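Asks: Pasting in a structure now, in structure tokens, and then I'll have a few things to ask.
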């Protein structure tokens, strides 16, 4: 364990030769979220146009931290400036489905500040597309802030249907090393 002034580099772990269970400590999670929000603030104000990549161990809870901590902090900081659409994309459906279940449990219909968050999957979007094909009135994704959980393939095949102007205010890409 590496420690500097109360900042523990690794949370306590148990040894298992078949799994990696090094998790981010609470301090690391807070630090990570603060750093991402700070960089997003610079990006949105035009002070820095770099994109961000977060690298951490497999199994370190990057996805969970993004959903439970980063997204609510993003909404809290940027909702009033018009940032409303958040995407979560991964190449593998099982990763997207797990993240979707976590978000649905922790964020769906929750209010952060003045914003009500709604969580959707590609299945929800497909249901809406079928409804439109049947001649029903065009539906839209409701919620002050909309979170879309999609695979990379779904994103590429349906990009024009996912948002009104084709853009996301924040896109979280899990397992990006597989896609790029």
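Numbering (the working numbering), first residue to last: 601 to 780.
Note that beta-carbon positions come from the ideal geometry of N, C-alpha and C, so glycine has one too.
What you are looking at is a predicted structure, and each value in this text was computed from that prediction instead of being measured.
For residue 690, report the span of its beta strand (DSSP E) as first-last.
Replies: Against the chain shown, residue 690 aligns to sequence position 90. Taken as a continuous stretch (DSSP letters only), the beta strand (DSSP E) holding residue 690 covers 685-690.
Asks: Where DSSP assigns a beta bridge to residue 720, which residues make up the other side?
Replies: On the chain shown, position 120 is the one that residue 720 refers to. Answer is 748.
Asks: Near residue 642, what residues of its chain come up, given a Cβ to Cβ distance below 6 Å and the 5 sequence neighbours on each side ignored?
Replies: Walking along the chain shown from the start, residue 642 turns up at place 42. Correct list, in chain order: 648.
Asks: Go ahead and pull the three-state DSSP assignment for residue 728.
Replies: To locate residue 728, count along the chain shown from 1; it is residue 128. Residue 728 falls in the helix class under three-state DSSP.
Asks: Quick check: the stretch 749-758 against the stretch 687-703, are there 3 or more CB pairs under 8 Å?
Replies: The stretch 749-758 vs the stretch 687-703: in contact.
Asks: Is residue 725 closer than 7 Å to residue 745 when the C-beta atoms are compared?
Replies: For the purposes of this step, residue 745 is identified with residue 145 of the chain shown, where counting begins at 1. For the purposes of this step, residue 725 is identified with residue 125 of the chain shown, where counting begins at 1. Contact: no.
Asks: Can you tell me whether residue 742 is buried or exposed, with buried defined as 16 or more other CB within 10 angstroms of its CB?
Replies: Here residue 742 is taken as the residue at index 142 of the chain shown, counted from 1. That one is exposed.
Asks: So, with DSSP's three-state summary, where would you put residue 605?
Replies: Locating residue 605 in the chain shown gives position 5, where the first residue counts as 1. Only weak support is given to the placement of residue 605: the predicted model assigns it a pLDDT of 40, under 50, and the value that follows is read from those uncertain coordinates. Correct three-state label for residue 605: coil.
Asks: Once you ignore the five residues that flank residue 711 on each side, which residues in its own chain have a CB closer than 8 Å to its CB?
Replies: Here residue 711 corresponds to residue number 111 of the chain shown, with the count starting at 1. Same-chain partners within the cutoff: 717.
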